[in-house]
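Numbering (my numbering), first residue to last: 15 to 132.
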């Protein structure tokens, strides 16, 4: 998950520098269905699942330039990435308010040369 955070930070930086676009990004951790959906006459390639929905909702809560992560991303990143608590929001599809976190830019504690995915 710290790799996803790094990729999001890099994507935001490049969008701003190259295209002068500020984006908000939502990052979650979970299982998704990835593949073709629809009928043989009309189908599309899709990502579906609760973590995709939560990611979209976290993105929508973010202001331009913000990255919002769920608690699972924060836990999975461990000490490699520092986060700040951004609050809890009542989101569609969730009974309880969902806590979310923002990665602190420049507070990545990983070793880039030995960054193995486990």
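From the three backbone atoms N, C-alpha and C, an ideal C-beta is built for every residue, glycine too.
Neighbour-count burial assignment, residue i, 16 or more Cβ in a 10 Å radius
i	result
residue 93	exposed
residue 97	buried
residue 26	buried
residue 95	buried
residue 21	exposed
residue 84	buried
residue 77	exposed
residue 102	exposed
residue 16	buried
Residue from the options whose Cα sits closest to the Cα of residue i
i	options	result
residue 46	69, 39, 27, 28	69
residue 61	35, 50, 85, 24	50
residue 41	33, 91, 31	91
residue 72	24, 116, 63, 23	116
residue 105	55, 75, 58	75
residue 37	89, 44, 28	28
residue 114	107, 88, 108	88
residue 39	32, 18, 57, 33	18
residue 64	103, 33, 107	107
Which residues DSSP lists as bridging residue i, in chain order
i	result
residue 116	98
Integer-rounded CB distance, given that residue j should sit under 8 Å from residue i
i	j	result
residue 23	residue 81	7 Å
Hey, which unbroken runs of the beta strand (DSSP E) at 3 residues or more fall wholly within the stretch 41-111? Positions of the beta strand (DSSP E) runs, each at least 3 residues long and wholly inside the stretch 41-111, are given as 47-52, 57-62, 81-83, 95-103 in order along the chain.
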